[in-house]
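Numbering (this note's numbering), first residue to last: 558 to 1055.
For glycine and all other residues, C-beta sits at the position ideal for the given N, C-alpha and C.
Notes for the one structure printed next.
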Ligand code: C2O
Ligand code: CU
Ligand code: CU
């Protein structure tokens, strides 16, 4: 089937009239093995990605029209090596324009794949991407203004692994798909005919769209077979709006070793972690006891309907995911891990130090800027352009592709004070990683001080930001809320770096 932007969107809204599928009808927990996306290495050979439409089997007895890069849903994991150039070609076989934004890559804006770099239907984009940043887990996704939410929901996203030959993962699990496992966590809702259900108006626009079925790497609440010993999970929250509060059902502790921009200086022991949309975390989990365990998530505190039960809220929205039997109030199953007694992991002990963490050389800030994330329309610009609705804004200005909001000087450190009152927003900046100084006047925990490119906050936070790559008037960088419905509605600004 040929899937176009029009048919996808029409399908999504027409779907509202179809009987809404209850959660019970979707695949059983652990019913599907965890899919491991193909790994595509940039070293030596060019990477070819194709934005295509296809059919994906999420549910028993039905298929779902979906989008992906070179596969029916999501894309391959791209492995890039620091110090090299990656040759990447992206061909668009859909009838909607797409982009391929390298979220977290530190490259000039002309290579960033933002909204000004649309690839027209039938066209292709060929680039040489210089890779020069610490080892990290990043991702890529379509970023066409006004329809980024639909594109990512439909499947136009994938993970990127940056390796640093100077910091070769010493002591860490590093066999892809075996003890080094990519996990793209998303929530999706389905109509009775198997098609994706999605709405972007009313409360789904105001608070972001959340769905009742968790999918990991494109499979509903799957089961991963893991070796006995230490396993590294590279987690990406690829959801449009849902915040996950993750923990293991048996309360086992784990260690966080990396956040958005790369390794932390040392592993941090914890028994639960919050992951906001677009954030990445790398965890080390010990499965040496050989016992199967469920990964659970608590309800999203940003969801005004988190406490409510049932199916279609007000006839419009999916309810929360089903309560997990072994969970506390409101907790739901993300996936299961089952250790294979025959297989012993290569790593058994948590290292005390980690090598290759990004260094935070910021220097004194030369100026302070304030960004207020507004859940109302901007006074200037915005409106009904670009397919966006222009009902949200930053500093009272809804995103306007024809307006440059700020101009930065390359290499200058600035203090950015970000503010939001009504709810928590994951704040994202293209082309760099920032240091979080304070949240509501208090120091942030150690694991948050590692450099990041997405920061979830409510109230007021201070960030140190420095851009080292160029962005022009024609192709500027973006800063925005990564709740994709907010971003599409205008909670985005753009800046040059001269
Ligand atoms: Cu995930 Cu503008 O980015
Ligand atoms: Cu980005
Ligand atoms: Cu937001």
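Residues that DSSP places opposite residue 895 in a beta bridge = 782
Quick one: is the Cβ of residue 907 within less than 8 Å of any heavy atom of ligand 3?
-> no
Report back the beta-carbon spacing between residue 784 and residue 594 to the nearest angstrom; my notes put them in contact at under 8 Å.
-> That belief does not hold up - the Cβ atoms of residue 784 and residue 594 are roughly 19 Å apart, past 8 Å.
One or two residues paired with residue 1049 in a DSSP bridge | 1037
Can you tell which of 1033, 1038, 1053 and 1048 has the C-alpha that lies nearest to the C-alpha of residue 672?
-> 1033
In whole angstroms, what separates the C-alpha of residue 853 from that of residue 881?
-> 8 Å
Which term fits residue 923, buried or exposed, when burial requires 16 or more other beta carbons within 10 angstroms of its beta carbon?
-> exposed
Is the number of C-beta pairs between the stretch 963–978 and the stretch 917–936 that are closer than 8 Å three or more?
-> yes
Grab me the residues of residue 643's own chain with a C-beta within less than 7 Å of its C-beta, minus the 5 sequence neighbours each way, in chain order.
-> 599, 604, 637, 686 and 688
Could you check where the beta strand (DSSP E) with residue 710 kicks off and where it finishes?
-> That residue, residue 710, is in no beta strand (DSSP E); its alpha helix (DSSP H) goes 705–711.
Helix, strand or coil: how does DSSP classify residue 919 here?
-> coil
Extent of the continuous alpha helix (DSSP H) to which residue 762 belongs = 760–763
Buried or exposed for residue 861, please, with buried defined as at least 16 other CB atoms from any protein chain shown within 10 angstroms of its CB.
-> exposed
Considering only the beta carbon of each residue, do residue 912 and residue 820 sit closer than 9 Å?
-> yes
Is residue 744 near residue 705, with beta carbons less than 9 Å apart?
-> no
Is it a yes or a no for the stretch 835–848 touching the stretch 802–814, going by three-plus beta-carbon pairs under 8 Å?
-> yes
Hey, is residue 662 close to ligand 1, as in C-beta under 8 Å from one of its heavy atoms?
-> no
Apply the 10 Å Cβ neighbour rule to residue 878 and answer buried if 16 or more other Cβ atoms are within range, or exposed otherwise.
-> buried
Same chain only: Cβ atoms within 8 Å of residue 808, ignoring 5 sequence neighbours per side = 828
With a cut-off of 5 Å, give the chain-ordered residues whose Cβ is closer than this to any heavy atom of ligand 3.
-> 982, 1038, 1040 and 1043
Compute the distance between the beta-carbons of residue 646 and residue 683, then report whether it is under 9 Å.
-> Between residue 646 and residue 683, the CB-CB gap stays under 9 Å.
Sorted by chain position, which residues of the same chain lie with C-beta nearer than 7 Å to residue 614's C-beta, five sequence neighbours on each side aside?
-> 620
Verify the contact flag: residue 933, CB atom, against every heavy atom of ligand 1, threshold strictly below 8 Å.
-> no
For residue 945, I'd like the list of residues in its chain whose CB is within less than 7 Å of its CB, leaving aside the five on either flank, ordered along the chain.
-> Residue placement at residue 945 is flagged as unreliable, the pLDDT there being 44, under the threshold of 50; a coordinate-derived value is accordingly withheld.
Pull up the CB-CB distance for residue 653 and residue 697, whole angstroms please, since I reckon it's below 8 Å.
-> The pair is not a contact, with the Cβ atoms about 17 Å apart (cut-off 8 Å).
Whose CA, out of 991, 790, 795 and 914, lies closest to the CA of residue 893?
-> Of 991, 790, 795 and 914, the residue nearest in Cα terms is 790.
Going by the C-beta, is residue 835 closer than 8 Å to any heavy atom of ligand 2?
-> Short note on residue 835: C-beta closer than 8 Å to some heavy atom of ligand 2.
Specify the secondary structure class of residue 907 as computed by DSSP and reduced to three states.
-> coil
Same chain only: Cβ atoms within 8 Å of residue 910, ignoring 5 sequence neighbours per side = 822 and 823
How many angstroms separate the CA atom of residue 1049 from the CA atom of residue 618?
-> 40 Å
Endpoints, beta strand (DSSP E) assigned at residue 979 = 970–986
Note down the Cα distance separating residue 766 from residue 1006, rounded to an integer number of angstroms.
-> So the two alpha carbons sit approximately 29 Å from each other.
Please classify residue 985: is it buried, with 16 or more other beta-carbons within 10 angstroms of its beta-carbon, or exposed?
-> Here residue 985 is buried, its C-beta having at least 16 other C-beta atoms within 10 Å.
Mind checking whether residue 988 and residue 1037 have CB atoms under 9 Å apart?
-> no
Does the beta-carbon distance from residue 983 to residue 781 come in below 9 Å?
-> no
In angstroms with no decimal places, state the Cα-to-Cα distance between residue 736 and residue 950.
-> Distance between the alpha carbons of residue 736 and residue 950: 42 Å.
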